[in-house]
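Encoded as structure tokens, the structure appears first; notes follow it.
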């Protein structure tokens, strides 16, 4: 089989501190030590509303302030509605109606690129908090090896992402660093956090 008949994963007993990452997030569930010194883990299942509460609460904890996130959910999201709009005489999907939550971590967009990874800045702390939540809850394993996540071209550019994600991400980019957007797709919920917004012609290659 894929693991060569072994029950062990490549990272087992090979843990180490991750660069540019600082987390205090505990395992959300029950851990029981067995008689043979192994452990049984039983995770707590949460829905998207539970996650939003967890996210906002954990950001408050890490940033040591109440109300660190200014955000709101779409009130009529679950109501039956028309998901189309007229654009240039054609009926097209109105992706804005698929965005469930919009928010922003206060103060992140005011931090310069040069100070972004300084541990005492709101930008670094917020990034660490979102990374911790990502490692705890994401089912997208492709993102786990990139501390800055995915790169997304700005509004008006076409991407290879699903259209719902593309719309939500590009709209969040317009709000600047620290913006949060949660959108529904056929693949599940996507929680988008804007790490940084680069100007035209700049890339993340030197952002370290």
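In my numbering, the protein residues as written are 167 to 374. The C-beta atom is built at its ideal place from N, Cα and C for all residues, glycine as well.
Which of the three DSSP states is assigned to residue 218 in this structure? helix
The region 261-270 / the region 341-356 touching (three or more Cβ pairs under 8 Å): yes
In whole angstroms, what is the alpha-carbon distance linking residue 191 and residue 222? 13 Å
For residue 353, count neighbouring C-beta atoms within 10 Å of its own C-beta (all shown protein chains included) and say buried if the count is 16 or more, exposed if not. exposed
Taking the alpha-carbon of residue 235 as reference, which of 243, 225, 244, 241 has the nearest alpha-carbon? 225
Alpha helix (DSSP H) runs contained entirely in the region 260-308, provided each spans 4 or more residues: 288-303
Looking at the unbroken beta strand (DSSP E) that takes in residue 351, where does it start and where does it end? 345-351
Given this structure, state the Cα-to-Cα distance separating residue 208 from residue 202, to the nearest angstrom. 18 Å
Reduced DSSP secondary structure (H/G/I, E/B, other) of residue 247: coil
Give the secondary structure of residue 223 by DSSP, where H, G and I count as helix, E and B as strand, and everything else as coil. helix
C-alpha distance - residue 291 paired with residue 364, whole-angstrom precision: 20 Å
In three-state DSSP terms, what is residue 336? helix
Can you round the beta-carbon distance between residue 361 and residue 315 to whole angstroms, since I take them to be within the 8 Å contact cut? 6 Å
Taking the alpha-carbon of residue 248 as reference, which of 258, 233, 220 has the nearest alpha-carbon? 258
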